[in-house]
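This report concerns only the one structure given below.
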Amino acid sequence: LVFVVFTGEAWGYLGSRRFLVELDEHSDAVHGLNHSLIEKVLEIGSVGKGLSQGQGQGAKNFFAHAEGDSSATDQIMVALKHAQESLLSEDIRITSASASNPGIPPSSLMTFLNKNPGISGVVLEDFDSSFVNKFYHSYLDDLSNVNSSAVVAAASLVARTLYILASETNDVQNSTLAAINVNVTLVEQLMDCLLDCDPGLSCELVKKYISPASTCASNYVGVILDEPSSTPYLGYINDVPRFIWNFLADITSIPKENNSSSCQKGCNGRDEVCIKAETDGKGVCALSTTRYFLV
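As numbered in my numbering, the sequence shown has no gaps in its residue numbers, which increase by one up to the final residue, 1243.
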């Protein structure tokens, strides 16, 4: 499984297009990946308004926009349905998007399809034929416009779907999936930090990883002329990407025997990265394959 967070998608899909360029160039930032390894794509699109109206209190309704009629696409759809069945008590529903739609909605998946039309993929959205979030991908898409319950529901659905897809067996029991739960408190913390200015980037979660330059998250994407690197010069990167990289590197890292080793003199292993360096000037070496690739 590879998790990717793209920036700049509102501007001609800058992030996803750059990612594919890095794959073409076999850069250090995507070491171990290549185009042939991308079998299927599951994208999380606009999900912040996934609360259904008139379908029972608390119902969360999402639509799966599929591209292509292939066995890989079918596997994603079957896994989504299985995940939904394991979440019946949460009243989370997944529906296939209308066949009358002209195709998938504007999404990063389009970038992958332009590169390789044979890739199978599904985009998870909170709408069927037209966007319900009129502020999506704009600076107005803030905390007042996104429902945390819908985000938690989408995360639950995706987490269990990915577990099913990654399992060696096609018969994953609901009792097993029931153990996969989303940290609701963490989701709400992330939303408060990234989608609002109070507390914004001055929140404790962000300050655990970086020293933010401002309280409000910037909506601008930095563009630089430099060689890609897994640990680029921090001055090139604004607060949000730096935080997300540190956060993902930390929570996806593999525990080491010595978790307290600082990285003042650098990290030794190829898959080691230095995180939290901004907070104390020392940082910690973490065994993680989390990488930057710069637009």
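Cβ atoms here follow ideal geometry from the backbone N, Cα and C, with glycine treated the same way.
Reference residue i; option with closest CA among the options
i	options	result
Glu-1136	Gly-1148, Ala-1127, Ala-1126	Gly-1148
Gly-1231	Thr-1238, Cys-1222, Leu-981, Lys-1029	Cys-1222
Asp-1228	Thr-1163, Tyr-1157, Cys-1164, Leu-1088	Tyr-1157
Ser-1104	Asn-1186, Ser-1037, Val-1169	Ser-1037
Thr-1117	Lys-997, Gln-1023, Phe-951, Ala-1047	Gln-1023
Val-1132	Asn-1064, Phe-1060, Val-1099, Val-950	Val-1099
Val-1030	Leu-949, Leu-1125, Gly-993, Asn-1049	This sequence places His at residue 1030; Val is not what is there. The residue with the shortest Cα to Cα distance from His-1030 is Leu-1125.
Glu-970	Lys-1063, Lys-1082, Ser-1096, Leu-1142	Lys-1063
Ala-1027	Ser-975, Phe-1191, Asn-1122	Asn-1122
Ala-1102	Ser-1048, Glu-1033, Leu-1091, Ile-1042	Ile-1042
Ser-1055	Leu-1072, Arg-1239, Leu-1142	Leu-1072
Pro-1189	Val-1169, Asn-1049, Gly-1051	Val-1169
Ile-992	Leu-1143, Cys-1141, Thr-1109	Thr-1109
Phe-1010	Asp-1089, Leu-1142, Asp-1076	Asp-1076
Arg-1218	Arg-966, Gly-980, Phe-954	Gly-980
Ile-1192	Glu-1220, Cys-1141, Lys-1204, Val-1120	Cys-1141
Leu-990	Ser-1209, Val-1106, Pro-1050, Glu-973	Val-1106
Val-1130	Ala-1007, Leu-1035, Ser-1086, Glu-973	Leu-1035
Ser-1078	Ser-1068, Pro-1050, Leu-1088, Ala-1007	Pro-1050
Glu-1033	Cys-1145, Ala-1047, Val-1120, Ser-984	Val-1120
Ala-1127	Leu-1134, Tyr-1111, Met-1139	Tyr-1111
Ser-1068	His-983, Cys-1215, Asp-1146	His-983
Residue i - partner residues in DSSP beta bridges
i	result
Ser-1044	Ala-1012
Ala-1098	Beta-bridge pairing links Ala-1098 to no other residue.
Ser-1068	Lys-988
Ile-1202	Leu-1235
Cys-1222	Cys-1233
Glu-1116	Answer is none; Glu-1116 lacks a bridge partner.
For residue i, the first and last residue of its enclosing alpha helix (DSSP H)
i	result
Ala-1225	1225-1228
Ser-964	962-973
Cys-1215	Cys-1215 -> no alpha helix (DSSP H), and no H or E assigned at all.
Glu-1152	1152-1155
Thr-1124	1122-1125
Thr-955	Thr-955 -> no alpha helix (DSSP H), and no H or E assigned at all.
Leu-1088	Neither: Leu-1088 is in no alpha helix (DSSP H) and is coded neither H nor E.
Lys-1063	1057-1063
Val-1132	1132-1143
Beta-carbon proximity list for residue i, same chain, < 8 Å, skipping 5 on both sides
i	result
Ile-1202	Leu-1235, Ser-1236
Asp-1187	Leu-1149, Val-1154, Ile-1158, Pro-1160, Ala-1161, Ser-1162, Ala-1165, Ser-1166
Asp-1198	Tyr-1157, Ile-1223, Lys-1224, Ala-1234, Ser-1236
Phe-951	Leu-1196, Thr-1200
Met-1025	Ala-1012, Ala-1014, Ser-1044, Val-1070
Ala-1114	Leu-949
Phe-1241	Arg-966, Phe-967, Glu-970, Ser-975, Ala-977, Val-978, Pro-1176
Lys-1008	Gly-998, Leu-999, Ser-1000, Glu-1038, Asp-1039, Ile-1040, Arg-1041, Ser-1097, Ala-1098, Ala-1101, Ala-1102
Cβ shell of residue i (< 7 Å), same chain only, five flanking positions each side left out
i	result
Glu-987	Ala-1020
Tyr-1084	Ser-994
Gly-1004	With a pLDDT of 44 at Gly-1004, under the threshold of 50, the modelled position of that residue is not reliable, and no figure is offered here.
Lys-997	Asp-1074, Val-1080, Asn-1081, Asn-1095, Ala-1098
Trp-959	Val-1169
Glu-1152	none
Thr-929	Here the chain has residues from 949 to 1243 only, and residue 929 is not among them.
Pro-1053	Gly-993, His-1013, Val-1071, Glu-1073
Same chain, Cβ closer than 6 Å to residue i, five either side skipped, listed in chain order
i	result
Glu-1226	Ile-1158, Ser-1159
Asn-1093	Phe-1083
Cys-1211	Cys-1222, Gly-1231, Cys-1233
Asp-1090	Leu-1143
Ser-964	Phe-954, Ser-1056, Thr-1059
Gly-1006	Asp-1039
Ala-1047	none
Any non-hydrogen atom of the ligand MN within 7 Å of residue i CB
i	result
Gly-998	No copy of the ligand MN occurs in the structure displayed, which carries no ligand at all.
Taking only runs of the alpha helix (DSSP H) that begin and end inside the segment 976-1039, which ones reach a length of at least 4 residues, in chain order? 1019-1033
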